[in-house]
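One point on numbering: in the UniProt record's numbering, the residue at position 17 of the sequence shown is 17, and numbering is uninterrupted.
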Amino acid sequence: MFPELTDPSKLDKAGADWTKSKPVRVIRSDKMCHSKYAPTEGFRYDDIYKLVRYWPARARTDL
């Protein structure tokens, strides 16, 4: 569905604005795996957030 943003080097210049604390629109899908924030069906626009800090996600090895 939507790629996880774990590596900022893989983003183009327009998509990398979140690394500079620009506002980020959050849209959630019912396809999110076991998330308490996922809607019951379809998509939901959750709001605009300002990124305060970020770090790379570790790859899961227990899959």
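The beta carbon of each residue, even a glycine, is placed where N, CA and C say it ideally should be.
Nothing here was measured: the structure is a model prediction, and the numbers come from that model.
- Message: If I follow the unbroken beta strand (DSSP E) through R25, where does it start and stop?
- Response: It spans 23–29 - the beta strand (DSSP E) in which R25 sits, taken as one unbroken run.
- Rounded to a whole number of angstroms, what is the C-alpha to C-alpha distance between G42 and I27? Going from the Cα of G42 to the Cα of I27 covers about 10 Å.
- Length of the line joining the Cα atoms of K31 and A38: Going from the Cα of K31 to the Cα of A38 covers about 8 Å.
- Message: Please report the straight-line C-alpha distance between R53 and K36, rounded to a whole angstrom.
- Response: In this structure, the straight-line span from the alpha carbon of R53 to that of K36 is close to 22 Å.
- Minimum C-alpha distance to P23 - residue among A57, R58, Y45, L51: The option with the nearest alpha carbon to P23 is L51.
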